[in-house]
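Participant: Start counting the sequence shown at 331; every next residue gets the next number (this note's numbering). The structure is given below, and queries will be raised subsequently.
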Amino acid sequence: MPMLEETLEKIRNGEVLPSEHLEEKIAIFEEREPELNAFITPTLDQAREQAKNIDSLVRQEKGEAFYGLVWGIKDNFAIKGVRMTCASKMLENYVPPYTATPVERIFENNGVILGKLNMDEFACGSSGETSYFGPTRNARNPEYVPGGSSSGAGAAVAAGIVDLALGSDTGGSIRNPASFNGVVGLKPTYGLVSRYGLADLAMSLDVPGPLASDAYGIALAMDVIHGYDPRDRVSAKVQLSFLGSLDKFDPGSVRIGFSDKLLDGAEAPVVKTIQHVLKFYESKGVEVVEVDLPDIWTAFPAYYLVMYPEFASAMQKFDGIKYGHRTDAQTLYDVVAKSRDEGFGKEIKRRIIMGTFISMAKNAEWYRLALRARATIVRMFKKAFEQVDMILSPTVPTLPFKLGERINDPVKMYMADALTVPANLAGIPAISFPAGWYGDLPIGAQLMGPRYSDPLLVSAVRFFEKEGKQWSE
Ligand code: GLN
């Protein structure tokens, strides 16, 4: 696959027209999509229309940031006039009347949108298997899951169907599929990218972010999609420069934190990959510091106790009355109950029941405990980042697994998130990048940093891409 920078350069200097670039992408789409099922709603006609307009803009040097680079959008972001399902029967025919802020910014910068991407239903999952529209497959080996919940995003970027994808991350949903498909995915600092137009999973944790084949793509995308938005109450008034700092990684001035605890329970190829990455940075002059992360494994149960009640509450609006799937019945109660019963998949119902229970049981004692645990995680990272600039860990402790292998064992499935949820609970940025291969299965490494260190993380990945080598066995 050509590097994104080269593709962009060719369009900029007139060698390739945006509409020609789009046709190349559509050819890959036609070839791979029947097997991968990465899209829920392709928008080929609109994309062609858009690309044609951008052809003439490029001639006038008005390509903005993207010059017709091709995007896929996870199907939990609203685009006016385009069906948005959240991969649920509940929203099978929902067409939003407005556009999500990050998507609006992609349009404004001449990103061509090829369609809405498959995902786990309402972003609940780590394998891409809970979609009402069928599972997505891993782009590197279709017998394996692509990771989730931004399953279509990971697969479509890895297959080269799209240049860039917009995903959302509540507990790992950008990083997990990035890791499993061998691409880069950034979960930005909470509040850095507007959630306006993103369907809530757990609103104190949700953040939109990009997936791309390399760090350059992440920087290019982030410069466009981040920034203050008055329509999101938690939106940060912070402006960062990603492309500006992309090549400024200075190994001599950076300290990476590590703890053996982060490898507890990890599979051997994952352990070897992480040790390899650590050695790489060290060999380039980065100081590796042992950090104490006593509460890191507390994040996993705390995440589920925080997320379930927030999710159950966000789901209340889907009652079959105003919009969404509706089953006709005699009484109001039956309309709501039956619409929800038919409209939601198994994992959604599990979370609604658990969330309702947790928020009521023992006077919400469990929920309060989880909030205390969350505060402990925040303090733990704060302390660690007094000593180091970044912390390295696996993204997922295990290799990608086969389709169907974990879907009936929710606890095992949830375990995939153990190392991604801490960053969501603390609101800090975290990036997953391809660092190793076990046969044809990719292994991702994760870097976490303090709030708003997002550009530093991206530059560290760029440095590894340029100077390092991926581990393989
Ligand atoms: N896999 C996690 C979950 O199921 C994370 C989901 C996400 O980040 N959207 O909740």
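Glycine included, every Cβ here is placed at the ideal spot set by N, Cα and C. Note that the structure is a prediction, hence the values are computed from the model and not measured.
Is DSSP giving Ala489 helix, strand or coil here?
Facilitator: Helix at Ala489.
Participant: Does the beta carbon of Met684 fall short of 7 Å from some heavy atom of the ligand GLN?
Facilitator: Answer for Met684: no, Cβ out of range of the ligand GLN.
Participant: To the nearest angstrom, how far is it from the Cα of Ile403 to the Cα of Met414?
Facilitator: So the two alpha carbons sit approximately 10 Å from each other.
Participant: Under the assumption that Tyr633 contacts Val751 (Cβ atoms under 8 Å), give the Cβ distance between them as a whole number of angstroms.
Facilitator: Rounded, the Cβ-Cβ distance is 4 Å, consistent with contact.
Participant: Would you say the beta carbon of Thr500 comes nearer than 7 Å to a heavy atom of the ligand GLN?
Facilitator: Result yes, Cβ under 7 Å from the ligand GLN.
Participant: Please state the DSSP three-state secondary structure of Arg563.
Facilitator: If DSSP states are grouped into helix, strand and coil, Arg563 belongs with coil.
Participant: Determine, using beta-carbon pairs with one atom in the region 761-776 and one in the region 702-716, whether at least three such pairs fall under 8 Å.
Facilitator: Too few Cβ pairs lie closer than 8 Å, so no.
Participant: May I ask which residues mark the beginning and end of the beta strand (DSSP E) holding Asn401?
Facilitator: Note that residue 401 corresponds to Trp in the displayed sequence, not to Asn. That run of the beta strand (DSSP E) goes 400-404.
Participant: Is the shortest distance between the beta-carbon of Tyr634 and the beta-carbons of chain D less than 8 Å?
Facilitator: Among the chains of the structure shown, chain D does not appear; only one protein chain is present.
Participant: Grab the span of the alpha helix (DSSP H) containing Ala746 for me, first residue to last.
Facilitator: First-last for Ala746: undefined, no H or E at that position.
Participant: Helix, strand or coil, according to DSSP, for Pro724 in the structure here?
Facilitator: In this structure, Pro724 counts as strand in the three-state DSSP scheme.
Participant: Have a look at the DSSP bridge pairing and note the partners of Gly766.
Facilitator: Ile773, Trp801.
Participant: Starting from Pro540, trace the beta strand (DSSP E) both ways and give me its first and last residue.
Facilitator: Start and end: 537-542.
Participant: Which runs of the alpha helix (DSSP H) at least 4 residues long sit entirely within the region 663-707? Give them in chain order.
Facilitator: The region 663-707 contains these whole alpha helix (DSSP H) runs: 676-690.
Participant: Using a Cβ-based criterion (distance less than 7 Å to any ligand heavy atom), does Asp747 qualify as near the ligand GLN?
Facilitator: Within the cutoff, so yes.
Participant: I need the DSSP call for Lys732, collapsed to helix, strand or coil.
Facilitator: Looking at Lys732 - three-state DSSP - the assignment turns out to be strand.
Participant: Pull up the distance between the alpha-carbon of Asn468 and that of Gly685, whole angstroms please.
Facilitator: Approximately 31 Å, taken between the alpha carbons.
Participant: May I ask whether a heavy atom of the ligand GLN can be found less than 7 Å away from the beta carbon of Ala529?
Facilitator: False, no ligand heavy atom lies under 7 Å from that Cβ.
Participant: By DSSP, does Ile626 sit in helix, in strand, or in coil?
Facilitator: In the structure shown, Ile626 sits in a helix (DSSP, three-state: H, G or I).
Participant: How many Å lie between Arg736 and Ala746 at the Cα?
Facilitator: Taking the straight line joining both Cα atoms gives about 10 Å.
Participant: Does the pairing of the region 537-549 with the region 419-428 give three or more beta-carbon distances under 8 Å?
Facilitator: Because the criterion of three Cβ pairs below 8 Å is not met, the region 537-549 and the region 419-428 do not touch.
Participant: By DSSP, does Ile586 sit in helix, in strand, or in coil?
Facilitator: In the structure shown, Ile586 sits in a strand (DSSP, three-state: E or B).
Participant: Is Thr415 helix, strand or coil when you go by DSSP?
Facilitator: Coil, per DSSP.
Participant: Say the cut is 7 Å; is the CB of Gly817 nearer than that to a heavy atom of the ligand GLN?
Facilitator: The structure shown does not extend to residue 817, since the chain is modelled only from 331 through 803, so no value can be given for it.
Participant: Take Pro764 as the anchor and find which of Leu729, Glu361, Arg709 has the nearest alpha-carbon.
Facilitator: Checked all of Leu729, Glu361, Arg709; the closest Cα to Pro764 is Leu729.
Participant: Output needed for Val514: all residues of its chain with C-beta closer than 8 Å, excluding positions within five of it in sequence on either side, in chain order.
Facilitator: So the qualifying residues of the chain are Ala508, Leu541, Ala542, Ser543, Asp544, Ala545, Gly547, Ile548, Ile761, Ser762, Phe763, Pro764, Val791.
Participant: Are there any heavy atoms of the ligand GLN lying less than 7 Å away from the beta-carbon of Ala453, as far as the coordinates show?
Facilitator: Within the cutoff, so yes.
Participant: Count the other CB atoms, across all protein chains shown, that sit within 10 Å of the CB of Gly595; report buried if there are 16 or more and exposed otherwise.
Facilitator: Counting Cβ neighbours within 10 Å, Gly595 comes out exposed, since fewer than 16 surround it.
Participant: Under the criterion of a Cβ to heavy atom distance below 7 Å, does Met637 qualify as lining the ligand SAM?
Facilitator: This structure simply doesn't include the ligand SAM; it includes the ligand GLN instead.
Participant: Is Ser503 near the ligand GLN - that is, is its Cβ less than 7 Å away from at least one heavy atom of it?
Facilitator: Ser503: yes, Cβ under 7 Å from the ligand GLN.
Participant: Which whole-angstrom value describes the C-beta separation of Thr466 and Asn343, a residue pair presumed to lie in contact below a C-beta threshold of 8 Å?
Facilitator: That pair is no contact at about 35 Å.
Participant: Starting from Glu379, follow the alpha helix (DSSP H) in both directions and report where the run begins and ends.
Facilitator: Segment 374-389, the alpha helix (DSSP H) holding Glu379.
Participant: Do the region 491-502 and the region 375-386 make contact, defined as three or more Cβ pairs closer than 8 Å?
Facilitator: Short answer: they don't touch.
Participant: In three-state terms, what does DSSP make of Leu496?
Facilitator: Three-state DSSP puts Leu496 in a strand.
Participant: Just the C-alpha distance for Asn506 and Thr661, rounded to the nearest angstrom, thanks.
Facilitator: So the two alpha carbons sit approximately 43 Å from each other.
Participant: Tell me whether the beta-carbon of Gly587 lies closer than 8 Å to the beta-carbon of Val616.
Facilitator: In this structure, Val616 does not lie closer than 8 Å to Gly587 by Cβ.
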